[in-house]
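Chains as they are written, first to last, in my numbering: chain A, 17 to 129; chain B, 14 to 394. Every residue, glycine too, gets a C-beta built ideally from N, C-alpha and C. Structure record follows, encoded as structure tokens.
So, in structure tokens, the structure goes:
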């Protein structure tokens, strides 16, 4: 009985490619599991915000009105000139708050004073 | 079962060989598919992770912040106003906050100068001392024990000894913070002893936050009251807007891919039609031809989706999203260095898969079915 050389089947190559990609995705899941959602760091950040009474994250520190969107001045978008709607690049990324608080609390809107 | 398995395997053999015959075209399509999933996946993963980060920071925020308003602009909160709020029943910890911005011309960066809460003994500072965030320390090359020099807009000079640098892990919450003592803050910004930036309130019973804020608004009519839920909604709107904006910018890329995929999938070349005709003529059933083509499309889209998502994950959670950072950074010189906590929203990933893999596979079906169900003789001619 003679053995002949059999070329790798296409399905084998296809499953191999699929397995490699699935392994990559699986690695990502293992990495996520290993980092454990960074719960300790998250708790530290919450404690820091509690200790220092922080109201915003420092994601956009480039302009005063972008640094603390929660505390921003109502008129700050116009502060540097009547046409400076979007003076800083962050202005294109920060939307006006949809539920901007009123100067008083309405009885009808319990969750939006 | 083994027959079915063997049959599928032969179909995949043929599909793989068919893909390999047109390798340049298929590899190109695969690379574009991977690129598209990578970009969309990065935006989605970054969006959900930063929402979670912001959610945790805001969970520690004051229950209510009261801002004085005068002529539609911010005004100082006064000690007498704080005393009025302290008389409200149910309010737990009420204190004036001292914070403000300082544009540092030497580094062209905006710092947030703040006085730590009196209720936070870990951050208590004596006159002439400061605690700085990761970004300020990086920018000014500060270490514990060194001095930070600040100049106010009124040319007041402040020399501060660094007693602590906030951990790099908190950069997203504190990168630009310079914590100073109340004496230094008041002297630097020339504030009277009874003036504060605003008022932070903690409420004993979380269910009473709106009631207390309402009572406060009655007691201080010229104040606006911002509750924590309102702060959280602001960020939710902000991230939805930004993520939506990025996704909207990618609509062009998605459309280009859709046209490419549709063209590739639907515009069967004469050679492909002939191939299908020959397969039918040598005894393949219509269902076999469709199955084979589905395997082809499935292999391309599934491998591209997995590779694109794995790359997006590595980009966002291992490399800290350098491509997205370039968009967010703008002109910031003090952009925080942060690593996001891995957070994968399964629903969003499934939605992305549904919007990319399924349409591609579906686009393959119609033309193949039309060609495969036609008479082999007419197809081959």
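Comparing the C-beta of residue 70(A) with each C-beta of chain B, is any distance below 8 Å? yes
For the stretch 66-83 of chain A against the stretch 342-351 of chain B, do three or more pairs of beta-carbon atoms, one drawn from each stretch, fall closer than 8 Å, so that the two count as touching? yes
DSSP state of residue 302(B), grouped into three classes? helix
Since residue 147(B) contacts residue 380(B) with CB under 8 Å, what's their CB separation in whole angstroms? Rounded, the Cβ-Cβ distance is 56 Å, inconsistent with contact.
Going by beta carbon distance, what residues of the same chain come within less than 6 Å of residue 358(B), once the five residues before and after it are set aside? 61
Boundaries of the alpha helix (DSSP H) in which residue 97(B) is found, first to last residue: 92-99
In the DSSP assignment, find the alpha helix (DSSP H) that holds residue 84(B) and state where it starts and stops. Unbroken run through residue 84(B): none, as it is neither H nor E.
Test item: CB-CB of residue 70(B) and residue 61(A) under 8 Å: yes
Give the interface partners of residue 182(B) over in chain A, defined as CB-CB distance under 7 Å, in chain order. 57 and 60
Could you tell me which chain B residues have their CB closer than 9 Å to the CB of residue 110(A), listed as they occur along the chain? 251, 254 and 255
Can you grab the Cα-Cα spacing for the pair residue 237(B) / residue 175(B), in whole Å? 35 Å
Here's a check: name, in chain order, each residue in its chain whose Cβ is nearer than 8 Å to the Cβ of residue 120(B), leaving out the five neighbours to either side. 152, 153, 346 and 347
Hey, is residue 73(A)'s beta-carbon within less than 8 Å of any beta-carbon in chain B? yes
Could you tell me how far apart the beta carbons of residue 307(B) and residue 370(B) are, in whole angstroms, since I believe they sit closer than 8 Å? The Cβ separation is near 12 Å, so there is no contact.
Could you tell me whether any Cβ in chain B is nearer than 8 Å to the Cβ of residue 32(A)? no
So, using beta-carbon positions, are residue 59(B) and residue 271(B) closer together than 8 Å? no
For residue 316(B) and residue 42(B), the rounded distance between their alpha carbons: 12 Å
Alpha carbon of residue 164(B) to alpha carbon of residue 256(B), nearest angstrom: 38 Å
Could you tell me which residues DSSP puts in a beta bridge with residue 59(B)? Paired residue(s): none; residue 59(B) is not in a bridge.
Could you check whether the stretch 44-60 of chain A touches the stretch 156-172 of chain B, counting it as contact only if at least three pairs of C-beta atoms, one from each stretch, sit closer than 8 Å? no
Please state whether DSSP places residue 170(B) in a helix, a strand or coil. strand
What is the DSSP secondary structure of residue 43(B), counted as helix, strand or coil? helix
Does the separation of the CB atoms of residue 114(B) and residue 125(B) fall below 8 Å? yes
Which residues DSSP lists as bridging residue 190(B), in chain order: 125(B)
Look at the alpha carbon of residue 72(A) and the alpha carbon of residue 264(B), and state the distance between them as a whole number of angstroms. 31 Å
Residue 395(B) at chain A interface by Cβ criterion, 8 Å: Summary: the structure shown does not reach residue 395(B), with chain B confined to residues 14 through 394, and so no result is reported for it.
Residue 166(B) versus residue 116(B) - alpha carbon distance: 8 Å
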